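To start, the structure under review is shown below, and the notes come after it.
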Amino acid sequence: MQSREFLLPGVASFLLAILFPIYWGSIYGMSFENFETAFINDLATFDLMDGLFIIIGALEVYIYVSLARKLNQQFDSTALKTLLYLMATVVIVLHSTVLFDIYLSFRDQPAVASIIETMAGIILFTAIGVLISYSVLGFILSIILLKQRSDSVNLLKIFSVIVIIMCVLQITVVFSFTNIFLFPIALIVLALYFFKQPETVEVV
26 MQSREFLLPG
36 VASFLLAILF
46 PIYWGSIYGM
56 SFENFETAFI
66 NDLATFDLMD
76 GLFIIIGALE
86 VYIYVSLARK
96 LNQQFDSTAL
106 KTLLYLMATV
116 VIVLHSTVLF
126 DIYLSFRDQP
136 AVASIIETMA
146 GIILFTAIGV
156 LISYSVLGFI
166 LSIILLKQRS
176 DSVNLLKIFS
186 VIVIIMCVLQ
196 ITVVFSFTNI
206 FLFPIALIVL
216 ALYFFKQPET
226 VEVV
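Take the sequence shown: its letter number 136 is residue 161 in the working numbering, and every next letter is one higher.
Structure representation (structure tokens):
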């Protein structure tokens with residue numbers, strides 16, 4: 026019964042593992058062009074990539090909330106559940122910046138350059154804040170998971186180690202692009218964990 030309960034989160038994890046590198050690969054591709062110009066032009070329009078950005082955010086939030094539920098059933102840990110809810114909140118904050126694209130795209134008159142530049146600054150500031158917050162939360166979550174005793178220890182340990190590496194690289198900002206490859210791997214491991222048969226609940 027529980028394995029079916031987490032079938033959709035598992036599928037969502039696989040789907041996000043495919044969509045995530047497609048979107049962020051194109052974003053990092055801007056760095057090979059004039060990033061500032063490309064970023065501002067993208068901000069002033071609402072297109073398919075913005076739609077993909079929304080889908081990715083929704084999937085990620087759904088996965089974290091589902092993982093919080095599964096881990097709570099398995100370990101009955103308030104700390105794990107709280108950290109995952111906070112991570113989901115951070116993701117919502119980042120992806121809510123798409124509202125700027127929607128506002129600029131559907132306003133009656135074209136926005137002046139100063140307004141666009143101000144919004145771009147807000148988005149970049151928010152992104153950096155999210156980057157740091159997510160890294161700290163993900164690191165703490167992974168450390169706690171590594172201390173858990175479970176039959177799923179292999180999958181959870183693999184997932185936790187990957188997330189720790191991701192968080193360390195992400196907080197450097199310079200090497201954060203490597204998460205285009207690491208995050209999908211973590212998601213595949215997570216999908217396998219969702220698909221795994223239920224185990225005896227442990228209280229920690």
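Glycine is no exception: its CB is placed at the ideal position from the N, C-alpha and C atoms. As the structure is a prediction and not an experimental result, all values here were calculated from the model.
Look up residue i in the DSSP assignment and say whether it is helix, strand or coil.
| i | result |
| --- | --- |
| Arg-174 | coil |
| Thr-203 | helix |
| Val-198 | coil |
| Arg-132 | coil |
| Thr-225 | Here Thr-225 scores only 47 on pLDDT, less than 50, and its place in the model should not be relied on; the value that follows carries that caveat. If DSSP states are grouped into helix, strand and coil, Thr-225 belongs with coil. |
| Thr-70 | coil |
| Phe-31 | coil |
| Thr-122 | coil |
| Asp-101 | coil |
| Met-26 | In this predicted model, Met-26 has a pLDDT of only 47, less than 50, meaning its place in the structure is not dependable enough to derive any value. |
Considering only the alpha carbon of each residue, which of the options lies closest to residue i?
| i | options | result |
| --- | --- | --- |
| Val-118 | Val-86, Tyr-128, Val-193, Ile-141 | Val-86 |
| Phe-200 | Leu-156, Leu-108, Phe-71, Leu-215 | Leu-156 |
| Val-90 | Leu-212, Gly-146, Ala-113 | Ala-113 |
| Ile-187 | Val-198, Phe-31, Leu-212 | Leu-212 |
| Ala-216 | Phe-131, Ile-205, Pro-34 | Pro-34 |
| Glu-30 | Phe-100, Ile-88, Ile-189 | Ile-88 |
| Ile-169 | Ser-158, Phe-220, Ile-189, Thr-203 | Ile-189 |
| Thr-70 | Phe-131, Phe-39, Ser-185 | Phe-131 |
| Ile-183 | Val-214, Asn-204, Leu-194, Thr-197 | Val-214 |
| Ile-80 | Leu-109, Phe-100, Tyr-53, Leu-40 | Leu-40 |
| Lys-221 | Ile-196, Asn-179, Val-198, Thr-203 | Asn-179 |
| Arg-174 | Gln-99, Leu-194, Thr-197, Ile-196 | Gln-99 |
| Val-161 | Leu-207, Pro-46, Thr-197, Asp-75 | Thr-197 |
| Asp-75 | Pro-46, Asn-97, Leu-108, Asp-126 | Asp-126 |
Within 10 angstroms of the Cβ of residue i, are there 16 or more other Cβ atoms? Answer buried if so, exposed if not.
| i | result |
| --- | --- |
| Leu-124 | exposed |
| Lys-95 | buried |
| Leu-149 | exposed |
| Leu-237 | Absent from the structure is residue 237, since the part of the chain shown begins at 26 and ends at 229. |
| Ser-121 | exposed |
| Gly-154 | exposed |
| Ser-185 | buried |
Are the CB atoms of residue j and residue i within a distance shorter than 8 angstroms?
| i | j | result |
| --- | --- | --- |
| Ala-42 | Pro-209 | yes |
| Ala-152 | Leu-84 | no |
| Leu-32 | Leu-77 | no |
| Ile-141 | Leu-129 | yes |
| Leu-6 | Tyr-218 | The structure shown does not extend to residue 6, since the chain is modelled only from 26 to 229, so the question has no answer here. |
| Val-115 | Tyr-48 | no |
| Leu-68 | Met-191 | no |
| Ile-205 | Gly-50 | yes |
| Tyr-53 | Phe-202 | yes |
At a cut of 8 angstroms, does the segment 99–111 reach the segment 157–167 through at least three beta carbon pairs?
Remark: three or more beta-carbon pairs, one from each stretch, lie closer than 8 angstroms, so the segment 99–111 and the segment 157–167 are flagged as touching.
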